[in-house]
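Engineer: Right, I'll just put the structure down here and ask away after.
Chains as they are written, first to last, in the numbering used here: chain A, 1273 to 1387; chain B, 199 to 1088.
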């Protein structure tokens, strides 16, 4: 059995937002599957954290949810990005890129660069 | 981002308040989730059964998902707190005995503290109601021996006002408000009239709300009389009618024009109904020291700088008014607030200390209670830990219980104080109107809250210790009836502390009780039974000359003595234990440099029958006679104190003295012959040595003294009745109204007068005795609790001992010995503390030393007996243990 990494805390919300941004309205299971797929099945989305994160995003107004029919016509709750969610995604993305860039520079730094 | 967070908080708060939970929605979502996962697993080739199992596995624990979902939904911290409180409430409700006693103890402690705080705050801490009260100072004479005297002559006051540089304004006013009757139609209402200089209202920065204050022109002698009414008088006697301004009113036999109505908040140190301008001018011969001096410092000037400034002015005065200058005298400047409350401070501070000790005992008692309870609940706590509660969670739970207890105790305490404080004020000797109102306002509630929080904090030490001991195995395995040694020690220490604190309070109470007993059993030098006293004030015309005034007094006396039920009656310048004027005198024929050539003594103009009425014994010579009239030879009767001090080896009878020589010509009396010596009377106060006293026939006084006596003090009367059951007052009232058109003032029995003079000591004594009794009860309850608990804990051990042959006596003895050792150690600590702290209470005592061994022994015995009594019940219970049952139990 190959080992899967849990999603790092704090990054799940960003992944959820991006998934909804790219794929449009999704139910919880769909979001989890897509994240796992996009990560090349290297990530394991813990449902115990996914649903609370969705709730939090909804309370913050970044996503909206409503009941709708699933692929096999059962009732499922679909989540959709709002305008505030778009803005939040943009802001978080910028933040993340900045952080990543900084970290990257630290990894690439060599002793002679600092002398 | 911020807006989003806020938005979220609002939603969560709403969920919390509405108790809304998205359980249903989550359950459906999860069901769908599992269904979708199962389908996908089937598509991947699993058997349906296995597919569902794997889907479930992947989802993980549904409960934990729900927990974290729910945590996002509401506000878990607040919810947890509410839950804690709810639970604490249930726990406390299930142990009503514990809860009620804990709340009662707390309420007692907090209530007592709040009550004393209210008095203390009202008297010592609350700022005066004048603007910038810290600038207001009282100016007093000081002497090298550290004593001070507040009264100045008018000349000195005016000179200081003129020559000082550190004051914005300064004013002099009557040392004692005069009494004058407000005449309205046929009625006469006695008023307190205070004469003050023009700057008076300006000093306090509280000008009349209606009309105006005084101007320098009002102070010119013979200027038309003007008066400012107090707000209360204006409301009660003039119906709050603004038209009263400019109207003429009659006070005594003078007419005054009303020029203003004072601010209702204008209150100084005694009730005053009206203010009139003081007609004084600088005059080298005017030396009567009868005025208080107040000033308002310039901004930034300290009291020390002001005192230096006045000392300089006083030196200048040496050249201008050499007669008013005195080498020994200095100037003291002290805050007005301090000067008004200074004499109450030591007593109140001791009370605050005492009541603080009571609070500490309350805390110790509760801690002991909680410790006992905690031991019984350890298994309960262990189970909780086993179920996953963290130490923090348990601590929170226990603190919530304490907080609830303290809150209930604090609220009940405030209620208690609300009832007790007015009662206390009623008892108290503090009759300064400015301080008289006691209300539970902001500061009091803040104080009570702080106390409650402090209690909760102290009590939380117990659960904190408890939470630290959450080693699971140990607790679950431990038999509840055995406890660790450390716990035991803590409880015993608390008991020792309680006993020690209780002893300190009891010793204090015993000392004050002894003091009070000494005070009321000290012989005042006269017989106070069956004597009625009252005062009245005569008009200026009635008291214009001593000869007429003396005749009038004699006439009133004889008419009173003619009334049925009256045995004898007399007038006197000042009642014992009340204010009495003091005058200097010279012994005629002694060289001026001899130390017993001059002196000072209380100065009491009296009518003939004073010694018979008060029962003062005549030691030598004679009493006054009808023949001692204005025209006859001037005579004086002195008391033993004068005879002993000034005529040690001589016969005082026939000696001559001259009164008031140093005070200027107007006050200089004729030479008087001593015709009698009478017993000493505690004229100043019961706890002070009997002063030197000169008694003079009222008709023989210099006219100026008669006038001054009448304006300042009025005339005091003592009437001895034939029995305690006759009421002669209605007849006397009628007599005075008819004869001199004057109402009677301050009608009191002589015993009431004496009792009022020791009111402060009585107040301190009652309070400290109250605290002593409370502390005794607390100490006994604490000891009882600990011993009972020990006996319960040792039931098995006692069973073993008895099985091995110990008698019931031995067992009871064991418990009593244990209690005795705790009390004994506590007593030793308490005695040491009492001896160390003896100085604090020293100046409240009379006739007893602060380290009085009798008080120590008495208090210790009371405490020991109470302690052993408290331990007696547990001891009996221990003796009643049935060995077989004890061994089989558990």
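The beta carbon of each residue, even a glycine, is placed where N, CA and C say it ideally should be.
1) Identify whether residue 333 of chain B lies in helix, strand or coil by the three-state DSSP scheme.
2) I think residue 559 of chain B touches residue 977 of chain B, with their Cβ atoms under 8 Å apart; what is that distance to the nearest whole Å?
3) Checking the sheet assignment: what are the DSSP bridge partners for residue 715 of chain B?
4) Between which residues of its own chain and residue 1048 of chain B is the CB-CB distance below 6 Å, once the five residues before and five after are set aside?
5) In angstroms with no decimal places, state the Cα-to-Cα distance between residue 682 of chain B and residue 588 of chain B.
6) What's the C-alpha gap between residue 780 of chain B and residue 346 of chain B?
7) What are the residues of the region 1290-1306 of chain A that lie near chain B, defined by any Cβ-Cβ distance shorter than 9 Å?
8) Output the distance between the C-alpha atoms of residue 437 of chain B and residue 871 of chain B, rounded to the nearest integer angstrom.
9) Should residue 1139 of chain B and residue 890 of chain B be called a contact, given that it needs their Cβ atoms to be closer than 8 Å?
10) Residue 435 of chain B: which of B/757, B/471, B/565 sits nearest, CA to CA?
11) Any idea what DSSP makes of residue 402 of chain B, helix, strand or coil?
12) Note down the Cα distance separating residue 466 of chain B from residue 538 of chain B, rounded to an integer number of angstroms.
13) If we count the other Cβ atoms within 10 Å of its Cβ and call it buried at 16 or more, is residue 341 of chain B buried or exposed?
14) Rounded to the nearest angstrom, how far is the Cβ of residue 378 of chain B from that of residue 450 of chain B, given a contact under 8 Å?
15) Taking three-plus beta-carbon pairs below 8 Å as touching, is the region 517-525 of chain B in contact with the region 367-377 of chain B?
16) Is there contact here, the region 925-943 of chain B with the region 702-718 of chain B, by at least three beta-carbon pairs under 8 Å?
17) Hey, quick one: how far does the beta strand (DSSP E) through residue 535 of chain B stretch, first residue to last?
18) Sort out for me which residues DSSP pairs residue 856 of chain B with in a bridge.
19) Please state the DSSP three-state secondary structure of residue 794 of chain B.
20) Should residue 590 of chain B be labelled buried (16 or more other beta-carbon atoms within 10 Å of its own) or exposed?
21) Can you list, in chain order, the residues of its chain with a C-beta nearer than 7 Å to that of residue 256 of chain B? Leave out the 5 residues immediately preceding and following it.
22) What did DSSP end up calling residue 892 of chain B once you bin it into helix, strand or coil?
23) Identify the contact partners of residue 209 of chain B in chain A, using a Cβ-Cβ distance below 8 Å as the criterion.
24) What distance in whole Å lies between the Cβ atoms of residue 611 of chain B and residue 309 of chain B, which are believed to be in contact at a cut-off of 8 Å?
25) My assumption, with CB atoms under 8 Å, is that residue 903 of chain B sits in contact with residue 865 of chain B. Please give the rounded CB distance.
26) What residues of chain A sit near residue 258 of chain B, judged by a beta carbon separation below 7 Å?
27) What residues are listed by DSSP as bridge partners for residue 982 of chain B?
28) So which residues of chain A does residue 263 of chain B contact, with C-beta pairs closer than 7 Å?
29) Mind listing the chain B neighbours of residue 1348 of chain A? Cutoff is C-beta to C-beta under 7 Å, in chain order.
30) Mind checking whether residue 687 of chain B and residue 983 of chain B have CB atoms under 8 Å apart?
31) When you compare only the Cα positions, how much space is there between residue 1305 of chain A and residue 592 of chain B?
32) Check whether the Cβ atoms of residue 834 of chain B and residue 894 of chain B lie closer than 8 Å to each other.
33) So, at 7 Å on beta carbons, what are the nonlocal neighbours of residue 253 of chain B in its own chain, with the 5 sequence-adjacent residues on each side left out?
34) Can you confirm whether residue 1327 of chain A, when its beta carbon is compared against all beta carbons of chain B, has any partner nearer than 8 Å?
35) Which residues in the same chain as residue 844 of chain B place their Cβ atom closer than 7 Å to its Cβ, once the five residues preceding and following it in sequence are excluded?
36) In or out: residue 1263 of chain A buried (at least 16 other Cβ within 10 Å) or exposed?
Structural biologist: On the basis of the data shown:
1) Helix at residue 333 of chain B.
2) The C-beta distance from residue 559 of chain B to residue 977 of chain B rounds to 7 Å, short enough to meet the 8 Å contact threshold.
3) In DSSP, residue 715 of chain B forms no bridge with anything.
4) Here residue 1048 of chain B has 1036, 1039, 1040 as same chain residues with Cβ atoms under 6 Å from its own Cβ, once five neighbours each way along the sequence are excluded.
5) Because the pLDDT at residue 682 of chain B is just 41, under 50, the model does not fix this residue reliably, and the value given afterwards should be weighed accordingly. Each residue's alpha carbon lies about 22 Å from the other.
6) Rounded to the nearest angstrom, the two C-alpha atoms are 15 Å apart.
7) For the region 1290-1306 of chain A, the set of positions with a beta-carbon nearer than 9 Å to some beta-carbon of chain B reads 1299, 1300, 1301, 1302, 1304, 1305 in chain order.
8) Cα to Cα, the separation comes out at about 55 Å.
9) Any property of residue 1139 of chain B remains undetermined from this structure, which presents chain B solely from 199 to 1088.
10) Minimum Cα distance to residue 435 of chain B is reached at B/471.
11) The answer is coil: DSSP assigns residue 402 of chain B none of H, G, I, E or B.
12) The alpha-carbon separation between residue 466 of chain B and residue 538 of chain B amounts to approximately 9 Å.
13) Exposed is the call here.
14) The pair is a contact, with the Cβ atoms about 4 Å apart (cut-off 8 Å).
15) No: the two stretches stay apart, fewer than three of their Cβ pairs being nearer than 8 Å.
16) Verdict: no, contact absent.
17) It is not in any beta strand (DSSP E) - residue 535 of chain B instead sits in the alpha helix (DSSP H) that spans 534-539.
18) Per DSSP, B/784, B/869.
19) Three-state DSSP puts residue 794 of chain B in a helix.
20) Classification of residue 590 of chain B: exposed, given that the 10 Å Cβ count is below 16.
21) Closer than 7 Å at Cβ, skipping near neighbours: 235.
22) Residue 892 of chain B: strand per DSSP, three-state reduction.
23) One finds 1331 in chain A with Cβ atoms closer than 8 Å to the Cβ of residue 209 of chain B, taken in chain order.
24) Here residue 309 of chain B really is in contact with residue 611 of chain B; their C-beta atoms are around 4 Å apart, less than 8 Å.
25) With 8 Å as the limit, residue 903 of chain B and residue 865 of chain B qualify as a contact, their Cβ atoms being about 7 Å apart.
26) Those within 7 Å of residue 258 of chain B in chain A are 1318, 1319, 1320.
27) Answer is none; residue 982 of chain B lacks a bridge partner.
28) Going along chain A in sequence order, the residues near residue 263 of chain B (Cβ under 7 Å) are 1319, 1320, 1323.
29) Residues of chain B passing the Cβ test: 230.
30) Cβ atoms of residue 687 of chain B and residue 983 of chain B: not closer than 8 Å.
31) Take the alpha-carbon of residue 1305 of chain A and the one of residue 592 of chain B: they are about 41 Å apart.
32) Cβ atoms of residue 834 of chain B and residue 894 of chain B: closer than 8 Å.
33) Counting only residues of its own chain and dropping the five nearest sequence neighbours on each side, residue 253 of chain B has a CB closer than 7 Å to the CB of 232, 235, 236, 239.
34) Yes, residue 1327 of chain A lies at the interface with chain B (some Cβ there is under 8 Å from its Cβ).
35) Counting only residues of its own chain and dropping the five nearest sequence neighbours on each side, residue 844 of chain B has a CB closer than 7 Å to the CB of 785, 794, 797.
36) Past the edges of chain A, shown from 1273 to 1387, lies residue 1263 of chain A, and the structure says nothing about it.
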